[in-house]
Amino acid sequence: MAEIHSLMQGFSVALTPFNLGLMMVGIILGVIIGVLPGLGGANGVAILLPLTFSMNPTSAIIMLSCIYWGALFGGAITSILFNIPGEPWSVATTFDGYPLGQKGRAGTALTAAFTSSFVGALVGVLLITFLSPVIARFALRFGPPEYFSVYLLTFCAFVGMSKGSPFKTIMSMMMGFALAAVGLDTVTGQLRMTFGFTELLKGFDFLIAVIGLFGIGEILLTIEEGLEFKGANAKLDMRVVIDTWKELPKYWKTSIRSAAVGCFMGIVPGGATPASFMSYGIAKKMSRDGDKFGTGMVEGVVAPETAAHAAGTSALLPMLTLGVPGSPTAAVLLGGLLIWGLQPGPMLFAEKPDFVWGLIASMYLGNIAGLIVVLTCVPLFAAILRIPFSIIAPVIMVICAIGAYTVHSSMFDVWLMCVFGIMGYVFKKLDYPLAPLVLALVLGDRAEDAFRQSMLASQGDMRILFSNSLVGSITSLAFLLLFWPLISKALELLRGRRGLPSG
Amino acid sequence: MDESQDKPAVSVKAMEIAVAALFLVFGSVVSWDSHRLGSTWGSDGPQAGYFPFYIGLIIIVCSLITLGQAFVAAANNPFVLRGQLKMVTLVMLPTLVYVAVIHWLGIYVASAIYIALFMWWLGKYSWIKFVSVSVGVNVAFFLMFEIWFKVPLPKGPLEAALGLN
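Residue numbers (my numbering), protein chains in the order written: chain Y, 1 to 503; chain G, 1001 to 1165.
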């Protein structure tokens, strides 16, 4: 029970008035970010990251991860009240959440969503608490080939799990790798793909890409749709909350199933969005009232929200233990760790236990604080959505510009952000996924280093990726996931029946 | 919105082809530059272009496949309608001008003008409203960044005149 002891120490780090204050600030900012169009967990954290450079890393990560929890909570508000998924992972919440709101049961839907989010997160945090030390100890044995195979696994999972064209996923991912390679090559000292531009010497910063792709791109998409907010009334009184809480234990099976799906999808990088769809699909299939899903079933809110939050939380597990983020937001947090001079990975647990356990303890506290904040402040957050778009949009643009500038105090980055913004708009409309691009941009250098070191060790022999049972099984798993769409199709043909309907 | 605004400006097919072609160019540039740096095995291990060369190759292969798919199968439905494109341009062009203006006026003044114009143009607000919102937001930003977080942002002649540099 060394974990419990470490966790208690973590609580003593996290439970200072200053850190608790930051937690509340983070949650509230996070919910606002989750509610606003154009700002989400990933770019919200990216914009605020430069402001935390001067803070001590533990306090900074507590605040930033709380923004992440807040954004996860916030997505549900817009889905239920306005039928606008504030975040991609809350799309599945609109299926039953919005009809519930239309029936005048918005309070029930919101309470169900928040509570299941909380349950999902709690399961995710428990998983992190007890599994991450084990994985970290295990990962201490990893050498460059093992790390490269883990990166391979991450990226193959993206290709295999993607819904659209796998080629587009690969293109977007490889673009990330290529952009990550731009600039000074640290091994040979040569300049790569700078074409004489001095601005390109330091390469492309993923924070700029995140702010542009997700921020500006999203704003452009919203403008195109000509947003008009027509929302259900948002009132949450205690009676509705308690009535809903009495009803929720009925769905314990759905909760457990969804939490399991979420945790699994969060660790295997696929992220919260597919987890929420998958869990909704499974709940629909397994529930006695499955055919009524989509008309406003509480169970249809419980399933995707639990899974999304469980996935969002457990996405931090591979980030902390292996340095491989499971979602774009986790990738931004990882970037933060690197900037604060912390090397994510197994050594972090040994060298900076205060930081790691402080963060894990703050996940418990942050989610409790989050639940209280969202349950009490829904009308306030809904009011933010009623601010006309012609005020919100330019302010968000300005925030993005300031955010891009503060990363390196460079105007060139602000221009880059605009380019990434237009790119994000076009990519979104053509179904090029953005998450693989961001992850590849973050992990590009590390993946390349691992690859080079492996190749050096083997003198260019690719068979090093199968040289022992550990690296061999990770690599095989990677290829299994890469060709999963083909394999599952083959299995379907063999069995002669169709698989689970998705969504 | 009148009739002509609902006509498609570009088709999905055209955009698919254009983007895949751009990817093809991008992949070629990456591979070509990596080849220039050396994409093979040097005396001391993999050369600088070893890894990116293959990245470029993968982009080329996948963009060719996507290009082929776009020619054969991409739908001819609209990528963006004229009215929508007009709205997006109406937002994106001022934003580019705004970024250019930051160089001269500093970020606070440029942002105030940008927010005010945006509100006046697209929101049709009265001048009292757009002036108070744009000035208020930027004073708040100034306090937050320059004083609270001590993160200096680009400043222009106004800040110099007020002695706030």
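Just so you know, even glycine gets a beta-carbon here, dropped at the ideal spot from N, CA and C.
All of these numbers come straight from a predicted model, not from anything done at the bench.
TODO: Given a cut-off of 7 Å, decide if ILE208 of chain Y and MET417 of chain Y are closer than it, judged by their beta-carbon atoms.
DONE: Cβ atoms of MET417 of chain Y and ILE208 of chain Y: closer than 7 Å.
TODO: List the residues of chain Y that HIS1035 of chain G touches, going by C-beta distances under 9 Å, in chain order.
DONE: Here the premise fails: no neighbours, minimum Cβ distance about 12 Å.
- [ ] Alpha carbon to alpha carbon, how far is PRO433 of chain Y from ARG452 of chain Y? Give it in angstroms, no decimals.
- [x] Near 27 Å, if we compare the C-alpha coordinates of PRO433 of chain Y and ARG452 of chain Y.
Open item on the list: To the nearest angstrom, how far is the alpha carbon of LEU385 of chain Y from that of VAL395 of chain Y?
Closed with: Take the alpha-carbon of LEU385 of chain Y and the one of VAL395 of chain Y: they are about 14 Å apart.
Task: Beta carbon of ALA1070 of chain G nearer than 7 Å to that of ALA1009 of chain G - done: Cβ atoms of ALA1070 of chain G and ALA1009 of chain G: not closer than 7 Å.
Open item on the list: I believe MET397 of chain Y touches THR1095 of chain G by the beta-carbon criterion, under 8 Å. Please report the beta-carbon distance rounded to the nearest angstrom.
Closed with: Between MET397 of chain Y and THR1095 of chain G a beta carbon distance of about 6 Å is seen, short of the 8 Å cut, so the two are scored as contacting.
Task: CB contact check: ASP185 of chain Y to chain G, cutoff 7 Å - done: Closer than 7 Å: yes.
Open item on the list: Can you give me the C-alpha to C-alpha distance between ASP1033 of chain G and TYR1050 of chain G, rounded to a whole angstrom?
Closed with: Using only the alpha carbons, I get a separation of about 11 Å.
Open item on the list: Alpha carbons only, please: which of Y:ARG105, Y:PHE427, Y:SER59 and Y:ASP205 is nearest the one belonging to GLY403 of chain Y?
Closed with: Ranking the options by Cα distance to GLY403 of chain Y, first place goes to Y:ASP205.
Task: Under 7 Å between C-beta atoms of VAL1091 of chain G and GLY1156 of chain G - done: If you check the CB distance, VAL1091 of chain G and GLY1156 of chain G do not come in under 7 Å.
Open item on the list: Just to make sure I have the definition right: I need the residues of chain Y whose C-beta is within less than 8 Å of the C-beta of ILE1055 of chain G. Which are they?
Closed with: Within chain Y, the residues near ILE1055 of chain G are MET174, PHE177, ALA178 and ALA181.
Task: Neighbourhood of GLY499 of chain Y by C-beta distance below 7 Å, restricted to the same chain and skipping five residues each side - done: Reliability of the predicted coordinates at GLY499 of chain Y is poor, the pLDDT of 48 falling under 50, and no value is obtained from them.
- [ ] Flag this pair as yes or no: are the beta carbons of VAL407 of chain Y and PRO166 of chain Y separated by less than 7 Å?
- [x] Contact flag unset, no.
Open item on the list: 7 Å is my cut-off, CB to CB: does ILE464 of chain Y come that close to chain G?
Closed with: With a threshold of 7 Å between beta carbons, ILE464 of chain Y makes no contact with chain G.
TODO: Output yes if chain G places a C-beta closer than 7 Å to the C-beta of VAL395 of chain Y; else output no.
DONE: Chain G contact via Cβ: present.
- [ ] Spatial neighbours of ILE464 of chain Y within its chain, please: CB distance less than 6 Å, with the 5 preceding and 5 following residues excluded, ordered by chain position.
- [x] The residues are PRO145, SER454 and SER458.
Open item on the list: Rounded to whole angstroms, what is the Cα-Cα separation between TYR425 of chain Y and LEU220 of chain Y?
Closed with: Taking C-alpha positions only, TYR425 of chain Y is separated from LEU220 of chain Y by approximately 7 Å.
TODO: Tell me the start and end of each unbroken alpha helix (DSSP H) in the stretch 128 to 164 of chain Y that is at least 4 residues and wholly inside, in chain order.
DONE: The stretch 128 to 164 of chain Y contains these whole alpha helix (DSSP H) runs: 144 to 161.
Open item on the list: Can you pull the chain Y neighbours of LEU1122 of chain G, defined as C-beta to C-beta under 7 Å?
Closed with: Those within 7 Å of LEU1122 of chain G in chain Y are SER390.
Open item on the list: Please report whether the beta-carbon of LEU22 of chain Y lies at a distance below 7 Å from any beta-carbon of chain G.
Closed with: At a cut-off of 7 Å between C-beta atoms, LEU22 of chain Y does not count as an interface residue with respect to chain G.
Task: Within chain Y, the residues that GLY1136 of chain G reaches when beta carbons sit closer than 7 Å - done: Within chain Y, no C-beta atom comes less than 7 Å from the C-beta of GLY1136 of chain G; the nearest is roughly 11 Å away.
- [ ] Output the distance between the C-alpha atoms of GLY444 of chain Y and GLU225 of chain Y, rounded to the nearest integer angstrom.
- [x] Roughly 35 Å separates the two Cα atoms.
TODO: Specify the secondary structure class of TRP1041 of chain G as computed by DSSP and reduced to three states.
DONE: When DSSP states are grouped into helix, strand and coil, TRP1041 of chain G belongs to the strand group.
- [ ] Could you tell me whether the Cβ of GLN190 of chain Y comes closer than 7 Å to any Cβ of chain G?
- [x] So, interface residue.
- [ ] Say whether the stretch 72 to 82 of chain Y touches the stretch 96 to 109 of chain Y, bearing in mind that this needs 3 or more beta-carbon pairs closer than 8 Å, one atom from each stretch.
- [x] Contact between the stretch 72 to 82 of chain Y and the stretch 96 to 109 of chain Y is present, because at least three Cβ pairs lie under 8 Å.
TODO: Report the neighbours of PRO1157 of chain G on chain Y: residues whose CB is nearer than 8 Å to its CB, in chain order.
DONE: By Cβ distance, chain Y contributes nothing, its closest Cβ being about 17 Å from PRO1157 of chain G, past 8 Å.
Task: Residue-chain proximity (PHE1023 of chain G, chain Y), Cβ-Cβ < 7 Å - done: Answer yes: the Cβ-Cβ gap between PHE1023 of chain G and chain Y drops below 7 Å somewhere.
Task: Identity of the residue in Y:VAL210, Y:VAL187, Y:GLY183 and Y:GLY189 nearest PHE197 of chain Y by Cα - done: Cα-wise, what sits closest to PHE197 of chain Y is Y:GLY183.
Task: Outcome for ALA106 of chain Y when other beta-carbon atoms lying within 10 angstroms are tallied against a minimum of 16 - done: Per the 10 Å Cβ criterion, buried.
- [ ] Go ahead and label TRP357 of chain Y buried or exposed: buried means 16 or more other beta carbons lie within 10 angstroms of its beta carbon, across all protein chains shown.
- [x] A residue is called buried once 16 or more other Cβ atoms fall within 10 Å of its Cβ, and TRP357 of chain Y is buried on that count.
Task: Euclidean distance between Cα positions of LEU337 of chain Y and SER54 of chain Y - done: LEU337 of chain Y and SER54 of chain Y: Cα-Cα distance of roughly 13 Å.
Open item on the list: Tell me the DSSP secondary structure of PRO394 of chain Y in three-state form.
Closed with: Note: PRO394 of chain Y maps to helix in three-state DSSP.
- [ ] Report the rounded CA-to-CA distance for MET265 of chain Y versus LYS284 of chain Y, giving the unit in angstroms.
- [x] Whole-angstrom Cα-Cα distance: 18 Å.
TODO: Note down, in chain order, every chain Y residue with its Cβ under 7 Å from the Cβ of SER1043 of chain G.
DONE: Those do not exist, as SER1043 of chain G stays about 12 Å from chain Y at its closest Cβ, beyond 7 Å.
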